[in-house]
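Enquirer: The structure is given below, and queries will be raised subsequently.
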Amino acid sequence: MIVGIVGGGQLGRMLAHATIPLGLTCRVIDPSPTCPARVVAEQIVGEYDDYAALAEFVRGLDVVTYEFENVPVETAEWLNDRIPVFPPPRALAVAQDRLTEKQFLQGLGAKFPRFAAIETRDDLDRAVATVKLPAVLKTRRFGYDGKGQVVLRNPADVEPAWLRLGGRPLILEELVGFDREVSLLAVRDRGGATGFYPLIENVHREGILRTSRVLLSDDPAIGQAVAVATHALHALNYVGVLAIEYFQRGTELLVNEMAPRVHNSGHWTIEGASPSQFSNHMRAVAGLALGPPEVYSSAGMVNCIGAMPNPELISGVAGAAIHDYGKSPRANRKVGHITVTAPSREMREERMRAVEKLVVS
Ligand code: AMP
Numbered sequence: 029m030i031v032g033i034v035g036g037g038q039l040g041r042m043l044a045h046a047t048i049p050l051g052l053t054c055r056v057i058d059p060s061p062t063c064p065a066r067v068v069a070e071q072i073v074g075e076y077d078d079y080a081a082l083a084e085f086v087r088g089l090d091v092v093t094y095e096f097e098n099v100p101v102e103t104a105e106w107l108n109d110r111i112p113v114f115p116p117p118r119a120l121a122v123a124q125d126r127l128t129e130k131q132f133l134q135g136l137g138a139k140f141p142r143f144a145a146i147e148t149r150d151d152l153d154r155a156v157a158t159v160k161l162p163a164v165l166k167t168r169r170f171g172y173d174g175k176g177q178v179v180l181r182n183p184a185d186v187e188p189a190w191l192r193l194g195g196r197p198l199i200l201e202e203l204v205g206f207d208r209e210v211s212l213l214a215v216r217d218r219g220g221a222t223g224f225y226p227l228i229e230n231v232h233r234e235g236i237l238r239t240s241r242v243l244l245s246d247d248p249a250i251g252q253a254v255a256v257a258t259h260a261l262h263a264l265n266y267v268g269v270l271a272i273e274y275f276q277r278g279t280e281l282l283v284n285e286m287a288p289r290v291h292n293s294g295h296w297t298i299e300g301a302s303p304s305q306f307s308n309h310m311r312a313v314a315g316l317a318l319g320p321p322e323v324y325s326s327a328g329m330v331n332c333i334g335a336m337p338n339p340e341l342i343s344g345v346a347g348a349a350i351h352d353y354g355k356s357p358r359a360n361r362k363v364g365h366i367t368v369t370a371p372s373r374e375m376r377e378e379r380m381r382a383v384e385k386l387v388v389s
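Pasting the structure below:
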């Protein structure tokens with residue numbers, strides 16, 4: 029069976045890698061001839077709206093998935109007219125726009141920070157009055173890793189923020205004073221069976237994920253997170269891994285956003301769980317049996333932002349595994365990650381501290 033992946037970034041690379049022990053082969057389409065996935069999969073070099081390249085990509089494939097949520101919906105639908113695309117293109121359409129995503133999940137009972145949709149400068153003034161400052165102004169589409177976002181702390185910040193982001197559909201969100209950020213990775217197969225990884229605690233800096241840690245499987249927040257994810261999976265007739273990020277305030281979980289794909293906060297699953305999020309995503313997409321996620325040990329992850337650390341030094345930290353995406357160094361770019369596993373949470377913290385000292389960011 030040949031699985032196509034739209035996008036050959038690091039997620040495409042880790043997905044392609046996970047298909048090898050499943051007996052599947054992979055083909056990716058990506059405009060960059062030096063994309064990270066090229067070392068593990070056949071690549072069609074082409075833009076995502078180049079239909080000649082897409083026709084070449086789709087030839088002989090059995091099923092298609094994607095590794096980023098900004099795949100044009102028209103492309104996903106064009107592919108889906110020829111062979112099955114999972115997760116379904118509707119999941120992409122919902123997740124590409126922060127407003128439709130909130131409306132969709134609110135309809136399923138999820139809670140959100142206060143927010144208001146904005147088209148005009150007057151809308152922004154009205155939104156500031158209802159949402160209240162401090163707040164975050166975000167573009168509705170194409171934002172990631174804190175891009176397309178401005179924090180408004182006092183009324184003098186409103187006009188400069190409008191000058192920077194105005195002119196496209198926006199959303200103003202309350203700046204949540206959260207206790208922690210958490211995420212849940214859920215998976216659903218073609219027959220509707222579901223699986224869930226434990227809740228993960230995530231630390232961001234400048235809008236970019238820095239570290240992830242597996243929380244205890246009996247954490248009280250897990251029930252709420254699983255309920256929202258279950259409703260979302262079934263409502264979308266979803267197939268594959270779905271990630272939902274939350275702000276936790278006391279016992280309350282407020283949704284930040286969802287991603288219809290494997291997620292950076294689940295990279296620890298390569299060494300810390302079986303099957304990994306990548307394997308389970310590909311199992312679901314290819315119509316194979318899901319593996320109920322088993323977590324082996326206390327696991328965590330440190331992202332490498334900008335540049336990779338010295339692999340020799342990382343190899344000196346027990347339980348650390350280095351994943352270099354093969355990308356050239358650049359400020360604020362995710363170029364790799366280090367998974368840390370340990371027999372106890374205390375040892376994980378010790379090992380993560382040792383890794384963080386070696387990771388320049
Ligand atoms: P996003 O791209 O929307 O996931 O934002 C990236 C990160 O910025 C989040 O993980 C948070 O750390 C922070 N952030 C975004 N929106 C808010 C908010 N409404 N309140 C507090 N922090 C936020």
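Here my numbering runs 28 ahead of the position in the sequence shown, where the first position is 1.
Backbone N, C-alpha and C fix where the C-beta goes; we use that ideal spot for every residue, glycine too.
At which residues does the alpha helix (DSSP H) containing residue 165 begin and terminate?
Expert: Premise fails: residue 165 lies in the beta strand (DSSP E), 163–167, not in any alpha helix (DSSP H).
Enquirer: Can we count residue 132 as close to ligand 1, meaning its CB is less than 8 Å from some heavy atom?
Expert: no
Enquirer: Which of helix, strand or coil does DSSP assign to residue 390?
Expert: For the chain, the structure presents residues 29 to 389; residue 390 sits outside this window and is missing.
Enquirer: Distance check for residue 124 and residue 48, CA to CA, integer angstroms please.
Expert: 30 Å
Enquirer: Residue range of the alpha helix (DSSP H) that residue 343 falls in?
Expert: 339–343
Enquirer: What's the C-alpha gap between residue 108 and residue 318?
Expert: 23 Å
Enquirer: In the DSSP output, what is residue 63 paired with across the bridge?
Expert: According to DSSP, which records beta bridges pairwise, residue 63 is partnered with nothing at all.
Enquirer: Run through DSSP, which three-state label would residue 91 get?
Expert: Correct three-state label for residue 91: strand.
Enquirer: Taking 8 Å as the threshold, find out whether the segment 259–266 comes into contact with the segment 149–156 through three or more Cβ pairs.
Expert: The segment 259–266 vs the segment 149–156: no contact.
Enquirer: When the Cα of residue 272 is compared with those of 364, 381 and 214, which residue comes out closest?
Expert: 214
Enquirer: Would you say residue 292 touches ligand 1, meaning its beta carbon is less than 8 Å from a heavy atom?
Expert: no
Enquirer: Indicate whether residue 86 and residue 69 have their beta-carbon atoms separated by less than 9 Å.
Expert: no
Enquirer: Exposed or buried, residue 338, counting other C-beta atoms within 10 Å across all chains shown (16 or more means buried)?
Expert: exposed
Enquirer: Evaluate residue 188 with the Cβ neighbour count: other Cβ atoms within 10 Å of its Cβ, from every protein chain shown; 16 or more gives buried, anything less gives exposed.
Expert: exposed
Enquirer: For residue 131, which of helix, strand or coil comes out of DSSP?
Expert: Helix at residue 131.
Enquirer: Any idea if residue 324 is buried or exposed, counting beta-carbon neighbours within 10 angstroms, 16 or more meaning buried?
Expert: exposed
Enquirer: Could you pull out every unbroken alpha helix (DSSP H) segment of at least 4 residues lying fully inside the segment 158–213, listed in chain order?
Expert: The DSSP assignment places 186–193 as complete runs of the alpha helix (DSSP H) inside the segment 158–213, in order along the chain (cut-off: 4 residues).
Enquirer: Three or more C-beta pairs under 8 Å: does that hold for the segment 275–291 against the segment 246–260?
Expert: yes
Enquirer: By DSSP, does residue 275 sit in helix, in strand, or in coil?
Expert: strand
Enquirer: Would you check whether ligand 1 has a heavy atom nearer than 8 Å to the C-beta of residue 197?
Expert: no
Enquirer: By the three-class DSSP mapping on this structure, what secondary structure does residue 148 have?
Expert: coil
Enquirer: With a CB to CB cut of under 8 Å and the five nearest residues on each side skipped, what residues in its chain are close to residue 31?
Expert: 47, 52, 53, 54, 55, 89, 90, 91, 92, 93, 310, 313 and 314
Enquirer: Have a look at 169, 174 and 256 and flag the residue whose alpha-carbon is nearest the alpha-carbon of residue 211.
Expert: Its Cα nearest to that of residue 211, the residue 256 stands out among 169, 174 and 256.
Enquirer: Could you spell out the range, first to last residue, of the alpha helix (DSSP H) harbouring residue 380?
Expert: 373–386
Enquirer: Work out the CA separation of residue 63 and residue 287 for me, nearest whole Å.
Expert: 21 Å
Enquirer: For ligand 1, I want to know if residue 295 counts as a neighbour, meaning its beta carbon is within less than 8 Å of at least one of the ligand's heavy atoms.
Expert: Annotation for residue 295 indicates a beta carbon at 8 Å or more from all heavy atoms of ligand 1.
Enquirer: What's the C-alpha gap between residue 388 and residue 335?
Expert: 7 Å
Enquirer: Do residue 180 and residue 143 have their beta-carbon atoms positioned less than 9 Å apart in this structure?
Expert: No, Cβ-Cβ distance for residue 143 and residue 180 is not below 9 Å.
Enquirer: Does the distance between the C-beta of residue 156 and the nearest non-hydrogen atom of ligand 1 fall short of 8 Å?
Expert: The nearest non-hydrogen atom of ligand 1 is 8 Å or more from the C-beta of residue 156.
Enquirer: When you compare the CB positions of residue 382 and residue 369, do they come within less than 9 Å of one another, or not?
Expert: no
Enquirer: Name the one or two DSSP bridge partners that residue 111 has.
Expert: In the DSSP output, where bridge partners are listed per residue, residue 111 has none listed.
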